[in-house]
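Here's the structure, in structure tokens; my notes come after.
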């Protein structure tokens, strides 16, 4: 099996100071690998990059339709959001509609990434709640599905009907039995797969069309919701949001903890999955940007592209001291 390969370089002046290694796969809708770097069969935890898979049962079960969920809620079900007002207000309205409260969430409280809301909590002497967790939209989806199934409140238990449905969807769309799971930062199981399996799943999302099957209809709805609402999937200043906007609605993107990233490309029916092995998010953002440029989906001169690919490194005095760039093999 091939090892991880050099993917992202950091230069300081004329010196190569650091190197990030990883794996990446581009897969087509037949499940075949179009291009790969490193080891396509490396077993990975896709972390939050799998949220659209975790949201599939919400739609395929009929729970989303029964609750009248629109594209904004579906985007939030796939989100790792900043907990800005645009996110928190929407999740709170969703909770209210379910007749639930913050205590019904099984994700932990998290300080908002959004500075304005974080500072407002501090000034008010209030502590962060579970609704501020970046995964609260996903958990609102889990609660919706649990209610629809008439299941109990501990929806993150691996033996709960919600997580059994997620595992089934995960194995079906990746085309592989999962070797197991790790518990994610939000307490939900995160099912492992190979990098090839994850790219295959993303290609199936890319090729999905409404009305062809229950799963394909659900995948298309979730993918299109992400593309329609990039501001909900992550938030201002985030790579997912900025790069989706820069691609003008041609791509759905989703980051995951420990330097995972996926891309769903409907017009080419391609899926991309990548993992930087040292967990460096900056490198995953650079690598996914480089792949989007390589596929002709992102203009390398676009300001968002320049923020992540061939990005200048500046010191505290604003001096440009170096640059971060993809390796020649990736670029």
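In the working numbering, the protein residues as written are 45 to 375.
Beta carbons are placed, not taken as given, at the ideal position from N, Cα and C, and that holds for glycine.
{"Check": "The alpha helix (DSSP H) enclosing residue 316, as first and last residue numbers", "Outcome": "Residue 316 -> not in any alpha helix (DSSP H); beta strand (DSSP E) instead, spanning 314 to 320."}
{"Check": "Identified DSSP bridge partners for residue 356", "Outcome": "367"}
{"Check": "Continuous beta strand (DSSP E) assignments of at least 3 residues falling wholly in the segment 196 to 277", "Outcome": "225 to 227, 233 to 235"}
{"Check": "Beta strand (DSSP E) runs wholly inside the segment 68 to 98, at least 3 long, in chain order", "Outcome": "77 to 81"}
{"Check": "Residue 336 and residue 307 closer than 8 Å at C-beta", "Outcome": "yes"}
{"Check": "Beta-carbon proximity list for residue 321, same chain, < 6 Å, skipping 5 on both sides", "Outcome": "48, 65, 66"}
{"Check": "Distance, residue 103 Cα to residue 263 Cα", "Outcome": "9 Å"}
{"Check": "Pair within 8 Å by beta-carbon distance, residue 93 and residue 333", "Outcome": "no"}
{"Check": "Supposed contact pair residue 69 and residue 327 - C-beta distance, whole angstroms, cut 8 Å", "Outcome": "Wrong, their Cβ atoms sit about 16 Å apart, outside the cutoff."}
{"Check": "Distance CB(residue 278)-CB(residue 177) smaller than 8 Å", "Outcome": "no"}
{"Check": "Distance CB(residue 243)-CB(residue 315) smaller than 8 Å", "Outcome": "yes"}
{"Check": "Per DSSP, cross-strand counterpart(s) of residue 346", "Outcome": "None; residue 346 has no bridge partner."}
{"Check": "Distance, residue 87 Cα to residue 46 Cα", "Outcome": "13 Å"}
{"Check": "Same chain, Cβ closer than 7 Å to residue 201, five either side skipped, listed in chain order", "Outcome": "207"}
{"Check": "Under the three-state DSSP convention, the category residue 189 falls into", "Outcome": "helix"}
{"Check": "Classification of residue 175 by the beta-carbon crowding that lies within 10 angstroms, buried from 16 upward", "Outcome": "buried"}
{"Check": "Top-ranked residue by Cα proximity to residue 147, from 165, 173, 108, 216", "Outcome": "173"}
{"Check": "Which of helix, strand or coil DSSP assigns to residue 280", "Outcome": "coil"}
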